[in-house]
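Q: Numbering (my numbering), first residue to last: 452 to 678.
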């Protein structure tokens, strides 16, 4: 995938209408004493430190343990406790907007799932960390539901015609995460090894796990502008 191809999704960098609204509501809340600016800063610091590690652990556990996989698919909210995520109180300090019903969507040879939030930017932060910038852009949110194959192709993901693409729209009460298929060539791997190839984008549904690639690997030199 080239930088030019990905520009369709990334879009402009200006402040969005949702960011303007968030700032206005935040300032009103601080003015009325609901919380302080320091409270907000500390929560933002905590939230921005989240990573996709918990989600990766959930998928790796499911790949190795059929019983856990069934629990994760039937009750993602309860199964998340196995990796220390309590959706009833994800911050340990009360229930923020992250409290939802959490659903894990299994990819199969005939079905590929991908997640979006067409309304704003709802995202399963306790298991995937902060959402990437492109996830919040109008381009991604509007186009994915209309032309999912075209959008996935811009990420370099080209699915066969006989694979059904299902787009799942998050909302105030529901969050989704994709369980990608375990790739060939990972037989005998440990849970830690498997978790290393379950990256953020594979759990959003815009990429597939690859035994030779992890999020910790440096990018292709061509992407960085070097030859």
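C-beta atoms are modelled at their ideal positions from N, C-alpha and C, and glycine is treated no differently.
#1: Using the three-state DSSP reduction, which class does residue 556 fall into: helix, strand or coil?
#2: In angstroms with no decimal places, state the Cα-to-Cα distance between residue 515 and residue 530.
#3: Is residue 532 buried or exposed, if buried means 16 or more other CB atoms sit within 10 Å of its CB?
#4: Are residue 481 and residue 475 close, meaning C-beta to C-beta below 8 Å?
#5: Give me whichever residues DSSP pairs with residue 563 in a beta bridge.
#6: Who are residue 629's beta bridge partners in DSSP?
#7: Three-state secondary structure (DSSP) at residue 521?
#8: Please give the ranges of any alpha helix (DSSP H) in the stretch 473-500, keeping only runs that are unbroken, at least 4 residues long and fully inside the region.
#9: Beta-carbon separation of residue 655 and residue 586 under 8 Å?
#10: Assuming residue 510 and residue 634 make a contact with CB atoms under 8 Å, what is their CB distance in whole Å?
#11: Mark residue 505 as exposed unless 16 or more other C-beta atoms lie within 10 angstroms of its C-beta, in which case mark it buried.
#12: For residue 525 and residue 603, what's the separation of their Cα atoms in angstroms?
#13: What residue range does the alpha helix (DSSP H) around residue 509 cover?
#14: In whole angstroms, what separates the C-alpha of residue 486 from that of residue 561?
#15: Rounding to the nearest angstrom, what Cα-Cα distance links residue 658 and residue 484 in this structure?
#16: Do you know offhand how far residue 578's Cα is from residue 502's?
#17: Please find out if some non-hydrogen atom of the ligand NAP comes closer than 7 Å to the beta-carbon of residue 470.
#18: Shortest alpha-carbon distance to residue 645 belongs to which of 652, 651 and 662?
#19: Using a Cβ-Cβ cutoff of less than 7 Å, which residues in the same chain neighbour residue 552 once the five nearest sequence positions on both sides are dropped?
#20: Under DSSP, the alpha helix (DSSP H) around residue 646 begins and ends at which residues?
A: Walking through what the data contain:
#1: Position 105 of the chain shown, counted from the first residue, corresponds to residue 556. Residue 556 falls in the strand class under three-state DSSP.
#2: Taking the first residue of the chain shown as 1, we reach residue 515 at position 64. Taking the first residue of the chain shown as 1, we reach residue 530 at position 79. Using only the alpha carbons, I get a separation of about 15 Å.
#3: In the chain shown, counting from the first residue as 1, residue 532 sits at position 81. A residue is called buried once 16 or more other Cβ atoms fall within 10 Å of its Cβ, and residue 532, having fewer, is exposed.
#4: As a first step, residue 481 must be located in the chain shown, where it is residue number 30. As a first step, residue 475 must be located in the chain shown, where it is residue number 24. Not closer than 8 Å, so no.
#5: Taking the chain shown and counting its residues from 1, the one referred to as residue 563 is at position 112. According to DSSP, residue 563 bridges with 616.
#6: The residue labelled residue 629 in the question sits at position 178 within the chain shown. DSSP, once it has assigned bridges, lists 556 as partnering residue 629.
#7: On the chain shown, position 70 is the one that residue 521 refers to. In this structure, residue 521 counts as helix in the three-state DSSP scheme.
#8: 488-499
#9: Your numbering for residue 655 matches position 204 in the chain shown. Your numbering for residue 586 matches position 135 in the chain shown. The answer is yes: Cβ separation under 8 Å.
#10: Counting from one through the chain shown, the residue named residue 510 turns up at place 59. Counting from one through the chain shown, the residue named residue 634 turns up at place 183. Actually they are not in contact, since the Cβ atoms of residue 510 and residue 634 sit about 12 Å apart, beyond 8 Å.
#11: Position 54 of the chain shown, counted from the first residue, corresponds to residue 505. Burial call: buried.
#12: Here residue 525 is taken as the residue at index 74 of the chain shown, counted from 1. Here residue 603 is taken as the residue at index 152 of the chain shown, counted from 1. One C-alpha to the other measures close to 27 Å.
#13: For the purposes of this step, residue 509 is taken as the residue at position 58 of the chain shown. 504-515 is the span of the alpha helix (DSSP H), which, as asked, contains residue 509.
#14: Position 35 of the chain shown, counted from the start, is the residue given in the question as residue 486. Position 110 of the chain shown, counted from the start, is the residue given in the question as residue 561. Answer to the nearest angstrom: the Cα atoms are 48 Å apart.
#15: Taking the first residue of the chain shown as position 1, residue 658 is located at position 207. Taking the first residue of the chain shown as position 1, residue 484 is located at position 33. Cα to Cα, the separation comes out at about 43 Å.
#16: What you label residue 578 is simply residue 127 of the chain shown in a count that begins at 1. What you label residue 502 is simply residue 51 of the chain shown in a count that begins at 1. Answer to the nearest angstrom: the Cα atoms are 7 Å apart.
#17: Among the components of this structure there are no ligands whatsoever, and the ligand NAP is therefore not found.
#18: Here residue 645 corresponds to residue number 194 of the chain shown, with the count starting at 1. Put simply, of 652, 651 and 662 the residue whose alpha carbon is nearest the alpha carbon of residue 645 is 662.
#19: As a working mapping, residue 552 is identified with position 101 in the chain shown. Sequence-distant partners of residue 552 (beyond 5 residues in either direction) whose C-beta falls short of 7 Å from its own C-beta, in its chain, are 528, 624 and 625.
#20: By 1-based counting over the chain shown, the position of residue 646 is 195. Here the alpha helix (DSSP H) through residue 646 covers 642-648.
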